[in-house]
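One line per chain: the protein sequences are R and U, in this order. In terms of numbering that gives the first Met the number 0, the first sequence has 177 at position 178, counting the first letter as 1, and numbering is strictly consecutive. In terms of numbering that gives the first Met the number 0, the second sequence has 108 at position 109, counting the first letter as 1, and numbering is strictly consecutive. What follows is a set of notes on a single structure, which appears directly below.
There are 2 protein chains.
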Amino acid sequence: MTAEPPPRRASIGARRNPASQAAILAAARAVLAEEGYAGFSIDAVSRRAGAGKPTIYRWWKNRADLLMEVYAAEKAGIRAVPSEDLARDLADYTAALWSFWCGTPSGRTFRALLAEAQSDPDALAVLREKFLPDRLQDVRGLFAAAVARGDIPAGEVEARLALYIGFNWFHVLTDQLDIGLASIPAAMRLIAAPAR
Amino acid sequence: MTAEPPPRRASIGARRNPASQAAILAAARAVLAEEGYAGFSIDAVSRRAGAGKPTIYRWWKNRADLLMEVYAAEKAGIRAVPSEDLARDLADYTAALWSFWCGTPSGRTFRALLAEAQSDPDALAVLREKFLPDRLQDVRGLFAAAVARGDIPAGEVEARLALYIGFNWFHVLTDQLDIGLASIPAAMRLIAAPAR
DNA sequence: TCATAACGAAACGGAACGTTTCGTTATGGA
DNA sequence: TCCATAACGAAACGTTCCGTTTCGTTATGA
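Quick look at the structure:
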């Protein structure tokens with residue numbers, strides 16, 4: 000099976016061993032990819048990485064902390080630069096994001112993160128105040144450009160952003176990324192619609 | 000504290016004891032209300048209800064199954080009858096739903112359910128194929144009426160529905176029901192916007 | 001040279017899982 | 001009236017995971 004020979008990564012002295020960090024992140028990725036959130040335990044990651052649990056807890060506060068670093072490490076260079084058409088910008092960005100979620104363990108990582116935040120108040124706080132704002136910078140940029148062009152009113156950006164986020168969450172949380180692909184353009188047109 | 004004297008609900012013969020069922024559902028409600036999803040364990044519910052765990056597992060397959068019955072039992076008679084204005088109908092329904100989620104343990108139950116579905120494939124399947132369709136009947140009715148009036152195109156109903164669901168999920172999952180209240184009307188106007 | 005600190009392994013106590021075993025209780029068909 | 005049937009609560013089972021502690025080993029860097 001997936002049984003590599005024992006990795007043998009002893010201490011390299013009084014400092015963090017990058018090989019251990021990499022092995023733990025890789026193991027977390029692999030566990031999420033193969034078992035999903037159900038099988039994602041610190042014990043499982045530790046076993047798979049051939050690392051001691053104290054080594055994990057030394058560098059990561061909890062599961063959510065590890066999940067966020069896994070997600071950050073996976074996150075490809077998905078960028079969004081505004082053109083002149085908000086609806087098209089959003090649709091392009093969304094398509095890229097969804098294929099990122101489908102083509103890597105990231106979709107499962109993201110779902111695990113949202114689930115984790117439902118039982119861990121600290122995780123929810125970090126998600127809301129750090130993780131989400133960071134991830135939404137580009138999308139906010141698209142909306143800001145549309146506001147600057149006068150396409151949408153500034154006061155409605157939060158409502159539209161909530162619609163955008165929720166649309167993505169609904170599809171990823173119900174594991175309907177493939178099925179929902181076709182509805183992206185229509186949804187984005189509504190989110191980007193000029194005020195009447 | 001909340002320590003009632005031992006309830007003493009022995010068997011009433013070779014049939015289900017309704018008192019036990021009620022006690023278990025009430026205990027599940029209470030645990031969710033006081034501890035949230037983090038404290039929601041079968042052991043905790045069992046202890047609180049003064050019921051044996053086998054009694055729980057005899058009648059409910061798993062946690063998700065119990066959660067769904069709790070939610071169903073809580074679900075007040077929130078109804079949606081279409082008027083002539085889809086945006087207003089959606090806004091009214093959403094406001095009622097959110098105050099239901101805030102004023103009862105239902106918001107937490109719902110969050111627990113979504114979280115549970117991320118680790119249990121069976122729970123996700125039931126959520127997608129039974130729970131959600133049931134819950135969305137009324138909202139679908141609102142959209143259907145708008146389609147019948149010619150206000151929105153029939154082909155866009157799924158996209159708009161996804162936007163609607165996601166908007167609610169985003170706010171409940173991030174525990175931002177109160178903060179987001181003001182953005183409901185704007186969001187619903189976008190979801191209900193006529194095709195251009 | 002040597003205090004320092006990270007490493008993996010192993011074990012800890014505690015909690016929850018889902019199941020089994022048990023003695024008790026009452027039903028409903030024979 | 002008798003008795004097979006089945007639900008009840010209590011307790012305990014073995015397993016898994018939690019987050020932590022202890023331990024001997026390894027190599028740094030002052």
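Beta carbons are placed, not taken as given, at the ideal position from N, Cα and C, and that holds for glycine.
Take the alpha-carbon of ARG8/R and the one of GLY38/R: they are about 25 Å apart. Within a 10 Å sphere around the beta-carbon of ILE178/R sit fewer than 16 other beta-carbons, which makes this residue exposed. The beta carbon of ALA111/R falls within 8 Å of a beta carbon belonging to chain U, placing the residue at that interface. In the same chain as ASP42/U, and ignoring 5 residues on each side of it, the C-beta atoms closer than 8 Å to its own belong to LYS52, in chain order. Sequence-distant partners of ASP137/U (beyond 5 residues in either direction) whose C-beta falls short of 8 Å from its own C-beta, in its chain, are ILE77, ARG78, ALA79 and TYR92.
Residue contact with chain R for GLN117/U: present (Cβ-Cβ distance below 8 Å to some residue of chain R). Straight across, the Cα-Cα distance linking VAL69/R with ALA27/R is about 7 Å. By the beta-carbon neighbour count (other beta carbons within 10 angstroms, threshold 16), ARG46/R is exposed. Residues are counted here when their Cβ sits less than 9 Å from a Cβ of chain U; for the stretch 65-97 of chain R the count is zero. The Cβ-Cβ distance between GLU128/U and ARG62/U does not fall below 8 Å. Boundaries of the alpha helix (DSSP H) around ARG47/U: 41-48.
Residue burial annotation: ILE11/R is exposed, with fewer than 16 other C-beta atoms found within 10 angstroms of its C-beta. For GLN20/R, same chain residues with a beta-carbon under 8 Å away, outside a window of 5 residues either side, are TRP58 in chain order. Cβ-Cβ separation between LEU113/R and LEU180/R: approximately 21 Å, too far for a contact (criterion under 8 Å). Around the beta carbon of ALA186/R, 16 or more other beta carbons lie within 10 angstroms, which makes this residue buried.
Rounded to whole angstroms, the gap between the alpha carbons of LEU141/U and ARG188/U is 14 Å. At least 8 Å separates the CB of ALA25/U from every CB of chain R.
In this chain, the alpha helix (DSSP H) harbouring LYS52/R covers 52-58. Look at LEU189/U: its C-beta is under 8 Å from a C-beta on chain R.
Residues of chain U with a Cβ closer than 8 Å to the Cβ of LEU172/R are, in chain order, LEU113, ALA116, GLN117 and TRP168. The straight-line gap separating the alpha-carbon atoms of LEU160/R and ALA144/U is approximately 27 Å. Under a 10 Å Cβ-count criterion, ARG15/R is classified as exposed, with fewer than 16 other Cβ atoms of the shown protein chains found around its own Cβ. Membership of ASN167/R in the alpha helix (DSSP H) is indicated by the continuous run 156-172.
Only those residues of the stretch 152-166 of chain U whose C-beta falls short of 7 Å from the nearest C-beta of chain R are listed: GLU155, GLU157, ALA158, ARG159, ALA161, LEU162, ILE164, GLY165 and PHE166. Per the coordinates, the alpha-carbon of TRP97/R lies some 16 Å from the alpha-carbon of ALA71/R. Below the 7 Å Cβ cutoff, chain R contributes GLU157, ALA158 and ALA161 as neighbours of SER182/U, in chain order. Straight across, the Cα-Cα distance linking SER82/R with ALA95/R is about 16 Å. By the criterion of a C-beta distance shorter than 8 Å, LEU176/R is surrounded in its chain by TRP97, TRP100, CYS101, GLY106 and HIS170, once the five residues flanking it on both sides are discounted. Rounded to the nearest whole angstrom, the C-alpha separation of PHE109/U and LEU131/R is 21 Å. Ranking THR103/U, GLU157/U and ALA122/U by CA distance to the CA of LYS60/U puts ALA122/U first. Cα atoms of GLU155/U and TYR56/U: separation of roughly 42 Å, rounded to the nearest angstrom. Straight through space, the alpha carbons of LYS74/R and LEU24/R are spaced by roughly 13 Å.
Chain-ordered, the chain U residues with CB closer than 7 Å to the CB of GLY179/R read ALA161. A Cβ-Cβ contact shorter than 8 Å links SER118/U with TYR36/R.
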